[in-house]
Amino acid sequence: MPKIVYKTHEGKVYEVDVPSGRSVMLGATSQGVPGIDADCGGTLSCATCHVYVAQEWAEKLPPVEEMEDELLENTACERKSNSRLSCQIDVTDELDGLVVEIPERQF
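Under UniProt numbering, residue 107 is the last one in the sequence shown; the count climbs by one each step, no gaps.
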């Protein structure tokens, strides 16, 4: 089972086994990782699951699609070039070890 590494803005690290096919967001919320609010439950209608993907992983992910890009642009706090909505990142075996950082605050 792939392991996803979640880092909080305070520096706490959570290593979570997430089944392939689930989203990075669901991996966090199901294991009580703080900071990923997921207010919309992963329906791509908010940006409260915003994360920063570690640079070495950013190009291994599918590109940001239009709706995700709009939400990041219009509602995410402190968007960066490596910002993603964790509900839009499906875990695969190839993402074993993926590192994401949780922003200090969500929208």
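Cβ coordinates follow ideal geometry from the N, Cα and C atoms, glycine included.
For residue 93, the three-state secondary structure derived from DSSP is helix. In terms of Cβ geometry, residue 55 and residue 68 do not form a close pair [threshold 7 Å]. Look at residue 85 here: in three-state DSSP terms it is strand. Judged by DSSP in its simplified three-state form, residue 23 adopts strand.
Taking C-beta atoms under 8 Å as the contact rule, residue 71 and residue 38 fail to qualify, at a distance of about 13 Å. In this structure, residue 100 sits away from residue 18, with a CB-CB distance that is not shorter than 7 Å. The shortest CA-to-CA distance from residue 103 to any of 41, 82, 52 is the one to 52.
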